[in-house]
Amino acid sequence: MTAALWTAVRSGSDAHTFRNDGDAVKALSSATKITAEYELPWLAHAAMEPMSCCAKVEGKTAVLHVGHQAPDVARKAVAKLLGFEDEAVEIRSVALGGAFGRRTELDIVLQAASIAREHPGKLVQLQWTREDDTRNDFFRPGATARVEGAVADGRIVALHSRSASQSATVELTTRMIGFAPPGPDKSAVEGTADQAYQVPNLRVDHQIVTLPIAVGVWRSVGFSFQSFFYESFIDELAAAAGTDPIAFRLAHLDPATREHAVLQLVADKSGWRTPAAPAADGARVARGVALCKSFGSPVAMVMEVSLSPSGTPRIHRVVAAVDCGTPVNPGLIRQQIEGSVVWGLSAALTGRITMEGGVVREGNFDSVPLMRISEAPVIETHIIDSRAVPTGVGEIGVPPVAPALANALTALTGRRPRRLPLLEA
Numbered sequence: 228m229t230a231a232l233w234t235a236v237r238s239g240s241d242a243h244t245f246r247n248d249g250d251a252v253k254a255l256s257s258a259t260k261i262t263a264e265y266e267l268p269w270l271a272h273a274a275m276e277p278m279s280c281c282a283k284v285e286g287k288t289a290v291l292h293v294g295h296q297a298p299d300v301a302r303k304a305v306a307k308l309l310g311f312e313d314e315a316v317e318i319r320s321v322a323l324g325g326a327f328g329r330r331t332e333l334d335i336v337l338q339a340a341s342i343a344r345e346h347p348g349k350l351v352q353l354q355w356t357r358e359d360d361t362r363n364d365f366f367r368p369g370a371t372a373r374v375e376g377a378v379a380d381g382r383i384v385a386l387h388s389r390s391a392s393q394s395a396t397v398e399l400t401t402r403m404i405g406f407a408p409p410g411p412d413k414s415a416v417e418g419t420a421d422q423a424y425q426v427p428n429l430r431v432d433h434q435i436v437t438l439p440i441a442v443g444v445w446r447s448v449g450f451s452f453q454s455f456f457y458e459s460f461i462d463e464l465a466a467a468a469g470t471d472p473i474a475f476r477l478a479h480l481d482p483a484t485r486e487h488a489v490l491q492l493v494a495d496k497s498g499w500r501t502p503a504a505p506a507a508d509g510a511r512v513a514r515g516v517a518l519c520k521s522f523g524s525p526v527a528m529v530m531e532v533s534l535s536p537s538g539t540p541r542i543h544r545v546v547a548a549v550d551c552g553t554p555v556n557p558g559l560i561r562q563q564i565e566g567s568v569v570w571g572l573s574a575a576l577t578g579r580i581t582m583e584g585g586v587v588r589e590g591n592f593d594s595v596p597l598m599r600i601s602e603a604p605v606i607e608t609h610i611i612d613s614r615a616v617p618t619g620v621g622e623i624g625v626p627p628v629a630p631a632l633a634n635a636l637t638a639l640t641g642r643r644p645r646r647l648p649l650l651e652a
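Position one of the sequence shown corresponds to residue 228 (my numbering), numbered consecutively onward.
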């Protein structure tokens, strides 16, 4: 499956251009180019609560007890399945159980309603096993990218990103409402085409590839892979320019932007300008940084990393700076960032879905391991006290995690990780 993505990236014949400032292709043709290729796997949602639903069909009415991210769409889908009027179906919403996009899908409610229809008047409880949940997920698409760039006098001269993936948005909306929205899928390039860096020649291309793997929206959607591509490459350009990674980013941001402010704040709060203290066992600790604005909220993140005696990455501290507009509930904002960090680190270190003979190999947490409490870093969240309109919080902490980790490991080892996950299960 990944081979098809690489074919699309390297040919670029059917890619759509989402952003084209200046003339990146021409500028790069006469420059000393830096080229990098990145690859990310398909990922399961791995919600703590596997898919579940209770349903009761009685006469011409139906009641479902379910946590769903689009309950009105679910109600209409069940009504259509049973041949009822929409008003005859009631969705009694319960807690999602940590859905991360998985409970936008209709499969669990339609299956439960179908079973309940065969047992009229009885409340049917449907609970999937962990293996059912993992192997029948709608996965985060795998993605590949080839990025080229050039620097001169400490500035980016040109940057051309060409990537490929399936379209989670097209596939989800087709399942949900029967058709895909018109036009190219902008969500596939969010995290690269919509960032604030000032680059005079910037081109962003993406090709949607159709593959026989069911995909859907996964926490932070396109930002989850494009931010890894873009922020990793920004670090590579900073290294080529011989410039500090944060100073390099600040030089490419308008000082009036919220991105500039969160980057300054995270540099101050993380102690970026002073050496990191060694780990408890004396191992050297290095820092990495990443910046991404998603769902209206810029987040800058600094990660402190060392290697264990066996060479395994250890994440000691993560410092995040967030501007999500007026902070209505600072405690919940911090909780969302903390959860996003652990979620993102689990994916970056060990997350993957692989196929063998058309079947998903992974089943439970032995093959899709999550970060344990003993492995979790200290997480510090610093919230800018803004009076702007409140913007997103639930997904914004995920995009910077993987690139900040990769950038820290590069600073630590001198080797650039361009393919995730970092560890074998």
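A virtual CB, placed ideally from N, CA and C, is assigned to each residue, including glycine.
Remember, it's a predicted structure, so these values are computed and weren't measured experimentally.
Would S533 count as contacting chain C if we go by Cβ distances under 7 Å?
-> The structure shown contains no chain C; it is built from a single protein chain.
Three-state secondary structure (DSSP) at Y265?
-> As a position in the sequence shown, residue 265 is number 38, starting the count at 1. In this structure, Y265 counts as strand in the three-state DSSP scheme.
Are D364 and H243 closer than 7 Å when you measure CB to CB?
-> Start at 1 with the first residue of the sequence shown, and residue 364 comes out as number 137. Start at 1 with the first residue of the sequence shown, and residue 243 comes out as number 16. For D364 and H243, no; Cβs fall outside 7 Å.
N428 classed as buried or exposed, judged by whether at least 16 other C-beta atoms fall within 10 angstroms | Counting from one through the sequence shown, the residue named residue 428 turns up at place 201. Per the 10 Å Cβ criterion, buried.
L291 - containing beta strand (DSSP E), residue span = One-based indexing of the sequence shown puts residue 291 at position 64. Boundaries of the beta strand (DSSP E) around L291: 288-293.
Would you mind working out which of I580, A517, D248 sits nearest M228, comparing C-alpha positions?
-> For the purposes of this step, residue 228 is taken as residue 1 along the sequence shown, with counting starting at 1. Closest by C-alpha distance to M228, out of I580, A517, D248, is I580.
Residues in its own chain within less than 7 Å of S451 by CB, not counting five upstream and five downstream?
-> On the sequence shown, residue 451 is found 224 positions in, with the first residue counted as 1. Non-local C-beta neighbours of S451 in its own chain, meaning closer than 7 Å and more than five positions away in sequence, comprise R367, W445, V625, P626, ordered along the chain.
Touch test, the segment 430-440 against the segment 458-468, Cβ-Cβ under 8 Å, three pairs minimum = The segment 430-440 vs the segment 458-468: no contact.
Three-state secondary structure assigned by DSSP to Q338 = As a working mapping, residue 338 is identified with position 111 in the sequence shown. Three-state result, Q338: helix.
Determine which residues share a DSSP beta bridge with A271 and list them.
-> For the purposes of this step, residue 271 is taken as residue 44 along the sequence shown, with counting starting at 1. According to DSSP, A271 shares a beta bridge with no other residue.
How many whole angstroms separate the CB atoms of V300 and E317, which I take to be in contact at a CB cut-off of 8 Å?
-> As a first step, residue 300 is located in the sequence shown; it is residue number 73 there, counting from the start. As a first step, residue 317 is located in the sequence shown; it is residue number 90 there, counting from the start. Not really, about 15 Å apart at Cβ, beyond 8 Å.
Residues bridged to L632 by DSSP?
-> The residue you call residue 632 lines up with position 405 of the sequence shown. DSSP lists no partner for L632.
Alpha carbon of R643 to alpha carbon of D495, nearest angstrom = Your numbering for residue 643 matches position 416 in the sequence shown. Your numbering for residue 495 matches position 268 in the sequence shown. Their Cα atoms are separated by approximately 26 Å.
Let me know the secondary structure DSSP gives G515 once reduced to three states.
-> Your numbering for residue 515 matches position 288 in the sequence shown. In the structure shown, G515 sits in a strand (DSSP, three-state: E or B).
H346: buried (16+ other C-beta within 10 angstroms of its C-beta) or exposed?
-> Counting from 1 along the sequence shown, the entry for residue 346 is found at position 119. H346 sits exposed, since fewer than 16 C-beta atoms from the chains shown fall within 10 Å of its C-beta.
Helix, strand or coil: how does DSSP classify M228 here?
-> Reading the sequence shown from its first residue, position 1 is the one you call residue 228. Looking at M228 - three-state DSSP - the assignment turns out to be coil, as it is neither helix nor strand.
Provide the residue(s) that pair with C281 in DSSP beta bridges, ordered along the chain.
-> Here residue 281 is taken as the residue at index 54 of the sequence shown, counted from 1. H292, Q352.
Reference R614, options L649, I440, L632, T553, closest by Cα | Position 387 of the sequence shown, counted from the start, is the residue given in the question as residue 614. Comparing Cα-Cα distances from R614 to each of L649, I440, L632, T553, the minimum goes to T553.
Which of helix, strand or coil DSSP assigns to D248 = Residue mapping note: residue 248 aligns to position 21 of the sequence shown, counting from 1. Correct three-state label for D248: strand.
Assigned exposure category for S257 - 16 Cβ within 10 Å defines buried = Translated into the one-based positions of the sequence shown, residue 257 becomes position 30. By the C-beta density criterion, S257 is exposed, having fewer than 16 other C-beta atoms within 10 angstroms.
Do I606 and V549 have their C-beta atoms closer together than 7 Å?
-> Translated into the one-based positions of the sequence shown, residue 606 becomes position 379. Translated into the one-based positions of the sequence shown, residue 549 becomes position 322. No, the pair does not count as a contact, with Cβ atoms beyond the cut-off.
What first and last residue would you give for the alpha helix (DSSP H) that runs through D360?
-> If you number the sequence shown from 1, residue 360 lands on position 133. First-last of the alpha helix (DSSP H) with D360: 357-362.
Cβ-Cβ distance between V681 and I542 below 7 Å = Past the edges of the chain, shown from 228 to 652, lies residue 681, and the structure says nothing about it.
For G449, is the classification buried or exposed, using 16 other Cβ atoms within 10 angstroms of its Cβ as the cut-off for buried?
-> One-based indexing of the sequence shown puts residue 449 at position 222. The residue is buried, with at least 16 neighbouring Cβ atoms inside 10 Å.
Name the residue from Q422, Y265, G585 whose alpha carbon lies nearest to the alpha carbon of V374.
-> Your numbering for residue 374 matches position 147 in the sequence shown. Among Q422, Y265, G585, the Cα nearest to that of V374 belongs to Y265.
Roughly how many angstroms separate the alpha carbons of V236 and D360, rounded to a whole number?
-> Working through the sequence shown from its first residue, we reach residue 236 at position 9. Working through the sequence shown from its first residue, we reach residue 360 at position 133. Taking the straight line joining both Cα atoms gives about 31 Å.
N-terminal and C-terminal residue of the alpha helix (DSSP H) that H487 is part of | In the sequence shown, counting from the first residue as 1, residue 487 sits at position 260. Unbroken alpha helix (DSSP H) run through H487: 485-497.
Can you tell which of S238, R246, T640, A635 has the C-alpha that lies nearest to the C-alpha of A423?
-> Looking up residue 423 in the sequence shown gives position 196. Among S238, R246, T640, A635, the Cα nearest to that of A423 is on R246.
Bridge partner(s) assigned by DSSP for G376 | As a first step, residue 376 must be located in the sequence shown, where it is residue number 149. Bridge partners of G376: I261, L386.
Could you work out which residue in L559, A483, A517, S447 is closest to S497 when comparing CA atoms only?
-> Start at 1 with the first residue of the sequence shown, and residue 497 comes out as number 270. For S497, the nearest C-alpha among the options comes from A517.
Output the residue ranges of the alpha helix (DSSP H) runs that lie fully inside the segment 426-473 and measure 4 residues or longer, sorted by chain position.
-> Listed in chain order, the complete alpha helix (DSSP H) runs (minimum 4 residues) inside the segment 426-473 are 450-468.
What are the start and end residues of the alpha helix (DSSP H) that includes T608?
-> The count along the sequence shown starts at 1 and reaches residue 608 at position 381. Here T608 belongs to no alpha helix (DSSP H); instead the beta strand (DSSP E) covers 605-610.
Label M593 either buried or exposed according to how many other C-beta atoms from any shown protein chain fall within 10 Å of its C-beta, with 16 as the threshold for buried.
-> Position 366 of the sequence shown holds residue 593. For the record, residue 593 in the displayed sequence is Asp; it is not Met. By the neighbour-count rule (16 or more Cβ atoms within 10 Å), D593 is not buried but exposed.
Return yes when the Cβ of P472 is within less than 7 Å of the Cβ of V555, no when it is not.
-> Taking the first residue of the sequence shown as 1, we reach residue 555 at position 328. Taking the first residue of the sequence shown as 1, we reach residue 472 at position 245. Result no, Cβ atoms of V555 and P472 do not sit closer than 7 Å.
Proximal residues to V426 (C-beta, below 6 Å), its chain only, five neighbours per side dropped | By 1-based counting over the sequence shown, the position of residue 426 is 199. Within the same chain, and ignoring the five residues on either side of V426 in sequence, the residues whose Cβ sits closer than 6 Å to its Cβ are I383, L386.
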